[in-house]
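Chains as they are written, first to last, in my numbering: chain P, 109 to 360; chain R, 53 to 375.
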């Protein structure tokens, strides 16, 4: 089974992101980068399916040369090869990204695409669904559990939805987007890191794919939300109840 | 040209979260001079009645055997057909898991369209604000596609109320059926408590609770207050509470009148889902826990001592005020 995993380079999830003092953009001076939390889960799930069925895991990123760092991490985890679609730093929106990925998928013809449900930087939660629509493939978003039946070319996916867990069945090829509890991603081992250096990593220039690169959605301004006013510390439960009464926060 | 709002139902009942998208549509209608229509699926008679009282030009009900259970694939086909019919320039839904799953699927179905997720403010006909980086930054986005798809953050818009004028309810048969995905089951979380995103009080529990057995301490407090229960990621990851209890960047966003965080450290991913709450109370034994930076009232204490005490004292207060 051939599985393709799109991967985004995002900030480390444990740092607080700040704007540059002049507000012109994100202050990247103290940011460490990692594979987007949900994409890392997607890589892990792809590796587990490869362990079950054999085949190949291909990792794709659409970004700058620096993003090869995250592709190498995915290769060190066990993915077989990487593709970087080099944007040269050009801004692209979600529709363009989905169109670029669709081009790669038409070329690679995977049986399954597994990707994160959202990126932790722009928090959009769009690309998997747009991509599924463009390819007219079924989508199973917010995956909690994935069972593939390769013989019948089907996958049963349990999804995390408001109000509970939903089970759907999709025919392959399909797009699956990973939620938090799908699995616990492995760490790259030292031999894995050594082997990753030898694994193929191809770069394609975004302009070569024939996708219109005029964005529909552009970022006009970034700003910091007003901070919450500092509160008070109370010494015991009685004082806590007094404060709640003062703020009229109790229903009785 | 018009605006189309997709209203979500569950077991026939209108999801109240959808009323936030109606409010956002009203704001857009004012700014653009367009009317808005509502589209729904599988509504009960009561839900139809409610939807007809929201000031919409028309309420459409998409019909079809294959629409009985939700799939993004079939619902997207139905939405795009109705959108074409009403010449929708905007398509809106609240960003529940339904809206999040369905709306981006429309991009490929509707020519010259693009989407903005989780809108928190309408600036003008093509400019909207949303939160990024787990709510650390507000981004102002401009969307220039001819058709604009918007998911709406429920907590950022009030729930639309009733109007006097009644809208016509129109049924539309949808024929096209996407067969490569099949709904199997929905295992619903059963709870007697209010729904998390609709509750006016939320009592939330974190890793500090240590053992699933101890969650009853928090449930007792919630019951005195008539509150919903929420959880941090750690508690849900451990399987101590179901997935749809999770509050945070990737879980549910809540903004109740009162949010009581118990044994929650306050990771940015959690704070992203609750920092717009009116009054935030934090109870945690670690005085350095980041939750105290955003709490209006903080109590540094052992939750196993103070939460039962709080429950008892509130119970007494409740009885006094009732009697």
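Glycine residues also receive a C-beta, built at the ideal position from the N, C-alpha and C atoms.
Expected contact under 8 Å - CB spacing of residue i and residue j to nearest Å
i: residue 277 (chain R); j: residue 351 (chain R); result: That pair is no contact at about 16 Å.
i: residue 263 (chain P); j: residue 280 (chain P); result: 6 Å
i: residue 278 (chain P); j: residue 233 (chain R); result: 5 Å
i: residue 98 (chain P); j: residue 182 (chain P); result: Nothing about residue 98 (chain P) can be read from this structure; chain P reaches only from 109 to 360.
i: residue 119 (chain P); j: residue 125 (chain P); result: 6 Å
i: residue 212 (chain R); j: residue 78 (chain R); result: 7 Å
i: residue 329 (chain R); j: residue 358 (chain R); result: Not confirmed; about 20 Å, so no contact.
i: residue 369 (chain R); j: residue 360 (chain P); result: 7 Å
For residue i, the residue or residues it bridges with in DSSP
i: residue 167 (chain R); result: R:201
i: residue 267 (chain P); result: P:251 and P:274
i: residue 350 (chain R); result: P:341 and R:334
i: residue 119 (chain P); result: P:141
i: residue 189 (chain P); result: P:166
i: residue 234 (chain R); result: P:277
i: residue 256 (chain R); result: R:282 and R:313
i: residue 127 (chain P); result: P:134
i: residue 361 (chain P); result: Because chain P in this structure spans residues 109 to 360, residue 361 (chain P) falls outside the shown range and cannot be described.
i: residue 114 (chain P); result: P:168
i: residue 299 (chain R); result: R:304
i: residue 346 (chain P); result: DSSP output for residue 346 (chain P) lists no bridge partner at all.
Within chain A, the residues that residue i reaches when beta carbons sit closer than 8 Å
i: residue 314 (chain P); result: This model lacks chain A altogether, as its protein chains are P and R.
Residue i (DSSP reduced to helix, strand or coil)
i: residue 241 (chain R); result: coil
i: residue 132 (chain R); result: helix
i: residue 109 (chain P); result: coil
i: residue 344 (chain R); result: helix
i: residue 326 (chain R); result: coil
i: residue 423 (chain R); result: Chain R is shown from 53 up to 375; residue 423 (chain R) falls before or after that span and cannot be answered.
i: residue 266 (chain R); result: helix
i: residue 150 (chain P); result: helix
i: residue 176 (chain R); result: strand
i: residue 176 (chain P); result: helix
i: residue 285 (chain P); result: strand
i: residue 9 (chain R); result: Because chain R here runs from 53 to 375, residue 9 (chain R) falls outside it and cannot be looked at.
i: residue 77 (chain R); result: helix
i: residue 257 (chain P); result: strand
i: residue 222 (chain P); result: strand
i: residue 93 (chain R); result: strand
i: residue 52 (chain R); result: As displayed, chain R neither begins before 53 nor continues past 375, which places residue 52 (chain R) out of reach and without an answer.
i: residue 65 (chain R); result: strand
i: residue 182 (chain R); result: strand
i: residue 123 (chain R); result: coil
i: residue 148 (chain R); result: coil
i: residue 206 (chain P); result: helix
i: residue 217 (chain P); result: coil
i: residue 112 (chain R); result: strand
i: residue 58 (chain R); result: strand
i: residue 156 (chain R); result: helix
i: residue 171 (chain P); result: strand
i: residue 212 (chain P); result: helix
i: residue 306 (chain R); result: coil
i: residue 238 (chain P); result: helix
i: residue 140 (chain R); result: strand
i: residue 230 (chain P); result: coil
i: residue 275 (chain R); result: helix
i: residue 194 (chain P); result: strand
**Request:** Give a yes or no on contact between the segment 194-205 of chain R and the segment 143-154 of chain R, applying the rule of three or more CB pairs nearer than 8 Å.
**Result:** yes
**Item:** Inter-stretch contact at 8 Å, needing at least 3 Cβ pairs: the segment 91-105 of chain R / the segment 170-181 of chain R
**Value:** no
**Item:** Touch test, the segment 152-170 of chain P against the segment 251-268 of chain P, Cβ-Cβ under 8 Å, three pairs minimum
**Value:** yes
**Request:** At 3 residues or longer, and completely inside the segment 200-229 of chain R: list those beta strand (DSSP E) runs for me, N to C.
**Result:** 220-225
**Message:** Check whether the segment 128-147 of chain P and the segment 170-179 of chain P touch, using three or more Cβ-Cβ pairs below 8 Å as the test.
**Reply:** yes
**Message:** Runs of 3 residues minimum, wholly inside the segment 309-335 of chain P: which ones carry the beta strand (DSSP E) assignment?
**Reply:** 309-313 and 325-331
**Message:** Quick check: the segment 224-238 of chain R against the segment 259-276 of chain P, are at least 3 beta-carbon pairs closer than 8 Å?
**Reply:** yes
**Request:** Could you tell me whether the segment 281-300 of chain P touches the segment 320-332 of chain P, using the rule of 3 or more Cβ pairs below 8 Å?
**Result:** no
**Message:** Counting beta carbon pairs with one atom in the segment 74-83 of chain R and one in the segment 340-348 of chain P, are three or more of them shorter than 8 Å?
**Reply:** no
**Asked** Okay, do the segment 184-193 of chain R and the segment 321-330 of chain R touch, 3+ Cβ pairs below 8 Å being the bar?
**Response** yes
**Message:** With a threshold of 8 Å, are at least 3 pairs of Cβ atoms found where one atom belongs to the segment 184-194 of chain P and the other to the segment 288-308 of chain P?
**Reply:** yes
**Request:** For the segment 217-228 of chain R and the segment 101-121 of chain R, state whether three or more C-beta atom pairs, one from each stretch, are separated by less than 8 Å.
**Result:** yes
**Prompt:** Does the segment 253-263 of chain R come within contact of the segment 155-166 of chain R, defined as at least 3 CB pairs closer than 8 Å?
**Reply:** no
**Prompt:** Any chance the segment 104-113 of chain R sits against the segment 213-229 of chain P, with 3 or more Cβ pairs inside 8 Å?
**Reply:** no
**Asked** Using 8 Å as the threshold, is the segment 296-304 of chain R in touch with the segment 331-348 of chain R, meaning 3 or more CB pairs across them?
**Response** no
**Three-pair Cβ contact test at 8 Å for the segment 198-210 of chain P versus the segment 139-147 of chain R** = no
**Prompt:** Taking contact to mean at least 3 C-beta pairs separated by less than 8 Å, is the segment 341-348 of chain R in contact with the segment 282-296 of chain R?
**Reply:** no
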